[in-house]
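To start, the structure under review is shown below, and the notes come after it.
In my numbering, the protein residues as written are 13 to 47.
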């Protein structure tokens, strides 16, 4: 699995095309997604 973060570079479509399993808006949300 992978996490794409919409923060500063790229957009949701690019992350979806790259195969991100989870897409979040801010780096601080990574912890909530992983746990």
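Just so you know, even glycine gets a beta-carbon here, dropped at the ideal spot from N, CA and C.
query: Given residue 36 as reference, the closest of 45, 29 and 22 once Cα atoms are compared; result: 45
query: Spatial distance of residue 47 from residue 41 (CA atoms); result: 10 Å
query: Start and end residues, alpha helix (DSSP H) containing residue 45; result: 42-46
query: Neighbourhood of residue 15 by C-beta distance below 8 Å, restricted to the same chain and skipping five residues each side; result: 32, 33, 34, 35, 36, 42, 45 and 46
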